[in-house]
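Asks:
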Amino acid sequence: MGAPEDCWYCPDATGPEESLVSGKTNSGNFFEDFKLGQKIQHATPRTVTLGDVALYNGLFGSRFAVQSADTFAQRIGYPRSPIDDLLVFHMVFGKTVPDISLNAVANLGYADFRFLKAVYPGDTLNAASEVIGLKENSNGKTGIVYVRSRGFDQTGATVLDYARWVMVRKRDEKAPAPGEHVPELPKVVDPAQLGAACPSLDAKTYDTELAGSPHRFGNYAKGDKIDHVVGMTVEDAEHMIATRLYQNTARVHFDHFTESKGRFGGRLIYGGHAISLARALSFNGLGNAFHIAAINGGRHVAPLTAGLTVFAWSEVLDAADVPGRSDVGALRLRTVATKDKPCDDFPYKIGNEYDPAVILDLDYWVLMPR
Amino acid sequence: MGAPEDCWYCPDATGPEESLVSGKTNSGNFFEDFKLGQKIQHATPRTVTLGDVALYNGLFGSRFAVQSADTFAQRIGYPRSPIDDLLVFHMVFGKTVPDISLNAVANLGYADFRFLKAVYPGDTLNAASEVIGLKENSNGKTGIVYVRSRGFDQTGATVLDYARWVMVRKRDEKAPAPGEHVPELPKVVDPAQLGAACPSLDAKTYDTELAGSPHRFGNYAKGDKIDHVVGMTVEDAEHMIATRLYQNTARVHFDHFTESKGRFGGRLIYGGHAISLARALSFNGLGNAFHIAAINGGRHVAPLTAGLTVFAWSEVLDAADVPGRSDVGALRLRTVATKDKPCDDFPYKIGNEYDPAVILDLDYWVLMPR
Amino acid sequence: MGAPEDCWYCPDATGPEESLVSGKTNSGNFFEDFKLGQKIQHATPRTVTLGDVALYNGLFGSRFAVQSADTFAQRIGYPRSPIDDLLVFHMVFGKTVPDISLNAVANLGYADFRFLKAVYPGDTLNAASEVIGLKENSNGKTGIVYVRSRGFDQTGATVLDYARWVMVRKRDEKAPAPGEHVPELPKVVDPAQLGAACPSLDAKTYDTELAGSPHRFGNYAKGDKIDHVVGMTVEDAEHMIATRLYQNTARVHFDHFTESKGRFGGRLIYGGHAISLARALSFNGLGNAFHIAAINGGRHVAPLTAGLTVFAWSEVLDAADVPGRSDVGALRLRTVATKDKPCDDFPYKIGNEYDPAVILDLDYWVLMPR
Numbered sequence: 013m014g015a016p017e018d019c020w021y022c023p024d025a026t027g028p029e030e031s032l033v034s035g036k037t038n039s040g041n042f043f044e045d046f047k048l049g050q051k052i053q054h055a056t057p058r059t060v061t062l063g064d065v066a067l068y069n070g071l072f073g074s075r076f077a078v079q080s081a082d083t084f085a086q087r088i089g090y091p092r093s094p095i096d097d098l099l100v101f102h103m104v105f106g107k108t109v110p111d112i113s114l115n116a117v118a119n120l121g122y123a124d125f126r127f128l129k130a131v132y133p134g135d136t137l138n139a140a141s142e143v144i145g146l147k148e149n150s151n152g153k154t155g156i157v158y159v160r161s162r163g164f165d166q167t168g169a170t171v172l173d174y175a176r177w178v179m180v181r182k183r184d185e186k187a188p189a190p191g192e193h194v195p196e197l198p199k200v201v202d203p204a205q206l207g208a209a210c211p212s213l214d215a216k217t218y219d220t221e222l223a224g225s226p227h228r229f230g231n232y233a234k235g236d237k238i239d240h241v242v243g244m245t246v247e248d249a250e251h252m253i254a255t256r257l258y259q260n261t262a263r264v265h266f267d268h269f270t271e272s273k274g275r276f277g278g279r280l281i282y283g284g285h286a287i288s289l290a291r292a293l294s295f296n297g298l299g300n301a302f303h304i305a306a307i308n309g310g311r312h313v314a315p316l317t318a319g320l321t322v323f324a325w326s327e328v329l330d331a332a333d334v335p336g337r338s339d340v341g342a343l344r345l346r347t348v349a350t351k352d353k354p355c356d357d358f359p360y361k362i363g364n365e366y367d368p369a370v371i372l373d374l375d376y377w378v379l380m381p382r
Numbered sequence: 013m014g015a016p017e018d019c020w021y022c023p024d025a026t027g028p029e030e031s032l033v034s035g036k037t038n039s040g041n042f043f044e045d046f047k048l049g050q051k052i053q054h055a056t057p058r059t060v061t062l063g064d065v066a067l068y069n070g071l072f073g074s075r076f077a078v079q080s081a082d083t084f085a086q087r088i089g090y091p092r093s094p095i096d097d098l099l100v101f102h103m104v105f106g107k108t109v110p111d112i113s114l115n116a117v118a119n120l121g122y123a124d125f126r127f128l129k130a131v132y133p134g135d136t137l138n139a140a141s142e143v144i145g146l147k148e149n150s151n152g153k154t155g156i157v158y159v160r161s162r163g164f165d166q167t168g169a170t171v172l173d174y175a176r177w178v179m180v181r182k183r184d185e186k187a188p189a190p191g192e193h194v195p196e197l198p199k200v201v202d203p204a205q206l207g208a209a210c211p212s213l214d215a216k217t218y219d220t221e222l223a224g225s226p227h228r229f230g231n232y233a234k235g236d237k238i239d240h241v242v243g244m245t246v247e248d249a250e251h252m253i254a255t256r257l258y259q260n261t262a263r264v265h266f267d268h269f270t271e272s273k274g275r276f277g278g279r280l281i282y283g284g285h286a287i288s289l290a291r292a293l294s295f296n297g298l299g300n301a302f303h304i305a306a307i308n309g310g311r312h313v314a315p316l317t318a319g320l321t322v323f324a325w326s327e328v329l330d331a332a333d334v335p336g337r338s339d340v341g342a343l344r345l346r347t348v349a350t351k352d353k354p355c356d357d358f359p360y361k362i363g364n365e366y367d368p369a370v371i372l373d374l375d376y377w378v379l380m381p382r
Numbered sequence: 013m014g015a016p017e018d019c020w021y022c023p024d025a026t027g028p029e030e031s032l033v034s035g036k037t038n039s040g041n042f043f044e045d046f047k048l049g050q051k052i053q054h055a056t057p058r059t060v061t062l063g064d065v066a067l068y069n070g071l072f073g074s075r076f077a078v079q080s081a082d083t084f085a086q087r088i089g090y091p092r093s094p095i096d097d098l099l100v101f102h103m104v105f106g107k108t109v110p111d112i113s114l115n116a117v118a119n120l121g122y123a124d125f126r127f128l129k130a131v132y133p134g135d136t137l138n139a140a141s142e143v144i145g146l147k148e149n150s151n152g153k154t155g156i157v158y159v160r161s162r163g164f165d166q167t168g169a170t171v172l173d174y175a176r177w178v179m180v181r182k183r184d185e186k187a188p189a190p191g192e193h194v195p196e197l198p199k200v201v202d203p204a205q206l207g208a209a210c211p212s213l214d215a216k217t218y219d220t221e222l223a224g225s226p227h228r229f230g231n232y233a234k235g236d237k238i239d240h241v242v243g244m245t246v247e248d249a250e251h252m253i254a255t256r257l258y259q260n261t262a263r264v265h266f267d268h269f270t271e272s273k274g275r276f277g278g279r280l281i282y283g284g285h286a287i288s289l290a291r292a293l294s295f296n297g298l299g300n301a302f303h304i305a306a307i308n309g310g311r312h313v314a315p316l317t318a319g320l321t322v323f324a325w326s327e328v329l330d331a332a333d334v335p336g337r338s339d340v341g342a343l344r345l346r347t348v349a350t351k352d353k354p355c356d357d358f359p360y361k362i363g364n365e366y367d368p369a370v371i372l373d374l375d376y377w378v379l380m381p382r
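As given, the protein sequences belong to chains A, B and C, one line each in that order. The numbering of the first sequence is our numbering, which starts it at 13 and goes up by one. The numbering of the second sequence is our numbering, which starts it at 13 and goes up by one. The numbering of the third sequence is our numbering, which starts it at 13 and goes up by one.
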């Protein structure tokens, strides 16, 4: 998922310390505050509504029919349109920020990231994390915290489960390391684990004309590359509205006064914004990839700031049966997003280095009707 | 509706061809792909929700009481507040873009545009078009496609029906013309065709104080001119959020990287955005014009880009009875929108040419309580 | 609340007169149009929806758990999450603008501002005002209008009640003053009047871990100062979307063409936007201050324009019992917001003058669980 020195996500160094001034504000956890096995209940439960869905649609323009129309969703077997998978992710992720990554130097990676239950308007999301690994860096100033985070609905059922690791500063460089354990995490989610958030569908009733693409699971093969063609420029108002909607509190996204003096000359766009943009753009070529079932890994290769235009392309890394399911198949995709560079020649790496235009390298499983 | 050479809507010439690179992305139809009588089911059904309504209100600030308050709507005879007519239009129009106008050079006009059934939150919209005319241009490079497009709700009832013509490029200049037929279309919708989307009202219960204007149908006369006074500046974030909400895929609205090198130096704002702005501004002077019943014709006279301020004025072109209706009367209006020019002197044409500040010339019927 | 000469809120002088050109547009009331005891029913009732809530959340990022999650609200005794108090205020205030302050030179102050009933999604808001005071200024060009404004829900119950005074221009300087009466208004709302909009709660079921702050009423004491740490930059698209959502028609917020030539070089941000930003920022340190019960007074010390970053800090001015309530206590807070100045040293006044970075000085009561 990238070595620490590769990471661009570096909140200004003076920020979090200032929050120590007041005894009642949240200054977040530093590396030495975490303990192996520690369980953290995150704050601010959130009822997800049709209002959130509309705003998400306005910000990304997604066109997947299952999420767009109750009638389409019901016809194939959903009770109604589910909440977009990534909106669920952003809301769960947002809750973890104040406890896990307020003092982060870098967001290093994700693994074993599975959507486990569909979320519908009116459901209330909650999140909790468990510390599953800790490793102090050799410089003694920072350490890597591995957490398993879970999102729950109001019934207590898990809707999302993922491992994430993040580099966090120490408050006191002389504090002893809180332990050392590096967890083993799968490189790819097993196809047998996909589909828990997707009801059993009647694939014959899936109308590809209405969905906007004639291509079903069987039309894709390993190695296929698809340029998603259209570019989408990001404005500061847009990414701030999105990130506030998720109640994500990372100040680097919101404070131009401070960030304009920082390394990137302005507000950094939440990495998840690029994921949602790439997903929405991917409709053009992957119009029936109606559900993200799992994320195998992802890397925010370079920062994104407002005024830049995001393009994307995808490669089919694998096509797999989902055991026990004849209605859907799973495509493993790599979706690459760039800034200010169209993707008709599939920009990725130049030698061992990423093309400087690449901002996102995402490896994930989608479901498609057969 | 304006000769082709008058039109400003010119997507960059290289855009759509690029989309041919991938076999799975939608490259849209070119002139020679259309056939007279061809029927096209458009993709992506869309459930319209209270979330969409809120976002539309935030973007345009409309204040018509029927659409603003369920209590007001119910008192006069609606089951609840209907969806704003123009929001219905934008959503239906957006669906037609990938099939009809992805390779358009110019959007030439509308005619016989009628709202036929009120749409309410929770309804799901669908769209289909029929090719009703074709005419190749003498240069052999482009042709005019005439379509009749219809929006439907989940019961299959038609909510909107309109003719539109658009200039579309040929993929292959040597391809033979796909036929030639220019349909006859009415210059003005007959008042007998108005009101299908408006329930029978109890006009006495229409409270003009709550509605914000004392002027009923009888207070307006042919020739009245009204300056709507207030100006509204458009930001890029705003028009992109709106246009994505409608799932309109025309890339000229979203891609600053490409458009900044193009003819207008930036993203073009969707023409419908100016219509919605002008409609919202027209509340000041037309506060009881609660329903757009039909559009006789409209012209996007000049492009609009972000940072400019839209003003508007209206003229009453006619005042007509709606046969069989004693509750409402119909005003035929011309609403003119300008950019960066207040409308206290009603700017329109200078000789035969439009004032260079004019961006929109819209001819339509509204209903007002008697 | 500040002498007239201190006020920055000065719409361009030529604006409202222009609106007199048309007989059907609203030119608002001038000072001599008001009469002591006059009652004004404001226009445009408004059904508040979950869509409005989502957009408000996207614009301000509030994290108070009661308003965020139905489950949290229900557990402590609400039927569901109530609408954010300030969203109710902005919607009621917006309705008063066309009648009270379209010709205002300055918004001078608020007093005796009480939330009286919780508002829920689906409720419809209405507003009316009564003129409770009038005083012509010695220059004969302007006068101060004191109104008591009330917001109602669809049952006719008062949800919000406040006094406000505003300096309004005369249309005709020779017109006689319409009377003179300066009402007496309380400097602080009596704690016995707080809590009408807050149901009786089961404070034991209030989960401070889920709410995001361990500090209950008893943890705060008079004199406590809290830096809310995080800064939030405002974009033009954001404040315009917010202000249109409230159907506030003050043109200074929307018209860059005119305002760019004016005193501030651009659109002025609605003063209420700064209040909502400061409230959302105050979560960091006041996470359990779940309800604004009353506003004792407030002053928009300096204008705010887009691109600036808002910071905030608060001081506990008092901690009071609410008579008859053992579930909640009331904190009287002063929240100060600044532009482009972090608040770790609590910027406020330099001698008798406000620090030039201060934009808002708000004195209000919040409720906290005991």
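Every residue, glycine too, gets a C-beta built ideally from N, C-alpha and C. Just so it is clear, the structure is predicted and the values come from calculations on it, not from any experiment.
Between which two residues does the beta strand (DSSP E) carrying A/R87 extend?
Replies: Careful: A/R87 lies outside any beta strand (DSSP E), inside the alpha helix (DSSP H) at D82 to I88.
Asks: Does the separation of the CB atoms of C/R181 and C/N119 fall below 7 Å?
Replies: no
Asks: Are the CB atoms of C/R291 and C/L128 within a distance shorter than 7 Å?
Replies: no
Asks: Would you tell me roughly how many angstroms separate the C-alpha atoms of A/Q53 and B/L206, rounded to the nearest one?
Replies: 58 Å
Asks: Using 7 Å as the threshold, is the C-beta distance between B/A301 and B/V200 below it?
Replies: Going by beta carbons, B/A301 and B/V200 fall outside the 7 Å limit.
Asks: Based on DSSP bridge pairs, tell me the residues matched to C/T56.
Replies: In the DSSP output, where bridge partners are listed per residue, C/T56 has none listed.
Asks: Return helix, strand or coil for C/R228, following the three-state DSSP convention.
Replies: Of the three classes helix, strand and coil, the one that applies to C/R228 here is coil, per DSSP.
Asks: Against C/K242, what residues of chain A qualify as contacts under a CB-to-CB distance less than 8 Å, listed in chain order?
Replies: This sequence places Val at residue 242 of chain C; Lys is not what is there. In chain order: T261, R263, F266 and D267.
Asks: When the cut-off is 7 Å and only beta carbons count, does A/R279 lie next to chain B?
Replies: No, because no Cβ of chain B sits closer than 7 Å to the Cβ of A/R279.
Asks: Any beta carbon from chain B within less than 7 Å of A/F302's own beta carbon?
Replies: no
Asks: Assuming contact is defined by CB atoms lying nearer than 7 Å, are A/P190 and A/E44 in contact in what I supplied?
Replies: In this structure, A/E44 lies closer than 7 Å to A/P190 by Cβ.
Asks: Please report how far the alpha carbon of C/G70 lies from the alpha carbon of B/L257, in whole angstroms.
Replies: Approximately 15 Å between the Cα atoms of the pair.
Asks: Determine the chain A residues that contact B/R58 at a beta-carbon separation under 7 Å, and present them in chain order.
Replies: S80 and A81
Asks: Who are A/K237's beta bridge partners in DSSP?
Replies: A/K237 is bridged to A/E327.
Asks: I'd like to know if the region 156 to 171 of chain A and the region 138 to 146 of chain A are in contact, where contact means that at least 3 CB-CB pairs between them fall below 8 Å.
Replies: yes
Asks: Would you give the residue range spanned by the alpha helix (DSSP H) that A/I287 belongs to?
Replies: Taken as a continuous stretch (DSSP letters only), the alpha helix (DSSP H) holding A/I287 covers G283 to L293.
Asks: Which two residues bound the contiguous beta strand (DSSP E) that contains A/I156?
Replies: Taken as a continuous stretch (DSSP letters only), the beta strand (DSSP E) holding A/I156 covers T154 to F164.
Asks: With a CB to CB cut of under 6 Å and the five nearest residues on each side skipped, what residues in its chain are close to A/Q50?
Replies: Cβ neighbours of A/Q50 beyond the five flanking positions: V143.
Asks: According to DSSP, is B/K351 part of a helix, a strand, or is it coil?
Replies: strand
Asks: Using only alpha-carbon positions, find the residue among C/F323, C/G319 and C/A342 that is nearest to C/D330.
Replies: C/A342
Asks: Counting only the same chain and skipping the five closest in sequence on each side, list residues whose C-beta sits under 6 Å from that of C/G145.
Replies: Same-chain partners within the cutoff: Y158, H193, V194 and P195.
Asks: Classify B/I362: buried if its beta carbon has 16 or more other beta carbons within 10 angstroms, exposed otherwise.
Replies: exposed
Asks: I'd like the span of the alpha helix (DSSP H) that includes B/Y266, first residue to last.
Replies: The question names Tyr, yet the displayed sequence has Phe at residue 266 of chain B. Careful: B/F266 lies outside any alpha helix (DSSP H) and carries neither H nor E.
Asks: For C/E271, count neighbouring Cβ atoms within 10 angstroms of its own Cβ and tell me buried if that reaches 16, exposed if not.
Replies: buried
Asks: Check whether the region 80 to 90 of chain C touches the region 211 to 222 of chain C, taking contact to mean three or more Cβ pairs, one atom from each stretch, closer than 8 Å.
Replies: yes
Asks: Quick one, which residues of the region 151 to 163 of chain A are near chain C if we go by CB-CB under 8 Å, in chain order?
Replies: none
Asks: On the DSSP bridge assignment, give the partners of A/L320 in chain order.
Replies: For A/L320, which the question treats as bridged, DSSP gives no partner whatsoever.
Asks: Starting from the beta carbon of B/R75, find every residue of chain C whose beta carbon is closer than 8 Å, and list them in chain order.
Replies: A55, T56, Q259 and T261
Asks: On the premise that A/A66 lies in contact with B/L67, defined as a C-beta separation below 8 Å, what is that separation, rounded to the nearest angstrom?
Replies: 5 Å
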